[in-house]
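Data first, discussion second: the structure below is written as structure tokens.
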Amino acid sequence: MNNTPGAILAALLAFDTTSRHSNLAMIDWIADFLAARGVASRRFYDPSGGKANLYARLGPSGGGGVMLSGHTDVVPVDGQAWSVPPFSLTERDGRYYGRGSADMKGFLACVLAAVDDFLAVPLRMPLHLAFSYDEEVGCLGVRSLVDFLQASPEKPALCLIGEPTEMQPVFGHKGKLAMRCCIEGQACHSAYAPQGVNAIRYAARLINHLDRLGVRLARQQDSRFSPPFSTLQVGTIQGGAALNIVPQSCRFDFEIRYLPGMRPEAVTEALAAYARRRLLPEMRRVGGG
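Numbering (our numbering), first residue to last: -15 to 273.
So, in structure tokens, the structure goes:
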């Protein structure tokens, strides 16, 4: 096999590792690639056994050294008008195209292409490789790797994560908290709407309160991030059964992308306090509950 980054990237792109699918075929391929060079690897499986992280180590024993880390999963291609096959490599005008070519199988390919060079010289410090699953759906896979490394006496001194940043050094990602809020009202025919408890109406008031909380979040800033403040947004909402029925239930999903040092729970606590203080008493008066 041609061990250039492009050739390796072509092999990696051929695996459909959309987060809803298994990544084991790709993990097997990487493990075989390393084993052919005398590099042992270890896998950390998810509870279903259908996905795995891969960890490998090159160089001397002992603590310290550098970890190169990336995720193996990609986001879906559903509903997107691709001009090239998403799960194969297309080279055009000096650029590579394919799902994951930037985020972030391109980085994995570069790391694997450099393994022969790493092995050709006596490394003074360990080099750790960590490839995780399910980053795109909540950084789920990397947690078992973090637990493993925290318990290890030979943990790396620093970690480089190859997310696409247009080759600019980046301090880190903001934290993320995703939440679902469910509102239960009281249904009735729309002709008697005042006798019901409209779940969508109260969901809207909660969303408006989240907007106010988002304005407060923007007051604390950190220039290392873009935008330089914590953000809050509602991404999905579902509710109601028919136009002539007062909605019995409504739910919406929101997320907080927060700066280091911020407690995202402060937002959810404030939202719950607002609901208890302002909305629930009103809903119970109308609904009789």
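Ideal Cβ placement from N, Cα and C applies to all residues, glycine included.
Asked: I'd like the span of the alpha helix (DSSP H) that includes Lys139, first residue to last.; Found: From DSSP, Lys139 is part of no alpha helix (DSSP H); its letter is neither H nor E.
Asked: Does the Cβ of Asn(-13) lie closer than 8 Å to at least one heavy atom of the ligand FAD?; Found: Ligands in the displayed structure: none, and consequently the ligand FAD is not present.
Asked: Quick one: which unbroken alpha helix (DSSP H) runs of 4-plus residues sit fully inside the stretch 27 to 66? Chain order, please.; Found: none
Asked: Hey, how far is the Cα of Asp195 from the Cα of Tyr186?; Found: 14 Å
Asked: On the premise that Ala36 lies in contact with Tyr29, defined as a C-beta separation below 8 Å, what is that separation, rounded to the nearest angstrom?; Found: 5 Å
Asked: Between the alpha carbons of Gly48 and Arg41, how many angstroms are there, rounded?; Found: 12 Å
Asked: Can you give me the Cβ contacts of Val270 inside the same chain, cut-off strictly under 7 Å, excluding the 5 residues immediately before and after it?; Found: Val181
Asked: Could you tell me whether the Cβ atoms of Asn(-13) and Ala97 are closer together than 9 Å?; Found: yes
Asked: In terms of DSSP beta bridges, what is Gln217 paired with?; Found: Glu239
Asked: Is the distance from the Cβ of Gly159 to the Cβ of Ser116 below 9 Å?; Found: no
Asked: Could you tell me which of Ala(-6), Asp87, Asp206 and Met246 sits nearest to Glu150, measuring between CA atoms?; Found: Asp87
Asked: Do you know how far the Cα of Ala259 is from the Cα of Trp13?; Found: 51 Å
Asked: Counting beta carbon pairs with one atom in the stretch 72 to 86 and one in the stretch -9 to 1, are three or more of them shorter than 8 Å?; Found: yes
Asked: Answer yes or no: do Pro106 and Pro140 have a C-beta to C-beta separation smaller than 9 Å?; Found: no
Asked: Between the stretch 170 to 179 and the stretch 251 to 266, can you find at least three pairs of beta-carbon atoms closer than 8 Å?; Found: no
Asked: Pull up the DSSP beta-bridge partners for Met163, would you.; Found: Phe238
Asked: Pull up the distance between the alpha-carbon of Arg189 and that of Leu264, whole angstroms please.; Found: 12 Å
Asked: Among residues of its own chain, excluding the 5 on either side of Pro212, which ones have a beta-carbon nearer than 6 Å to its beta-carbon?; Found: Gln205 and Asp206
Asked: Pick out the complete beta strand (DSSP E) segments inside the stretch 97 to 128, 3 residues or longer, and give them in chain order.; Found: 111 to 116
Asked: May I ask you to report which of helix, strand or coil DSSP gives Val68?; Found: coil
Asked: Identify whether His173 lies in helix, strand or coil by the three-state DSSP scheme.; Found: strand
Asked: Run through DSSP, which three-state label would Gly223 get?; Found: strand
Asked: Start and end of the alpha helix (DSSP H) containing Arg262?; Found: Note, Arg262: premise wrong, no alpha helix (DSSP H); not H, not E.
Asked: For Gln205, which residues does DSSP report across the bridge?; Found: Phe213
Asked: Once you ignore the five residues that flank Pro44 on each side, which residues in its own chain have a CB closer than 8 Å to its CB?; Found: Leu107, Arg108, Met109 and Pro110
Asked: Taking 9 Å as the cut-off, decide whether the C-beta atoms of Leu216 and Phe238 are in contact.; Found: yes
Asked: Would Gly219 and Gly146 be called neighbours here (beta carbons separated by less than 9 Å)?; Found: no
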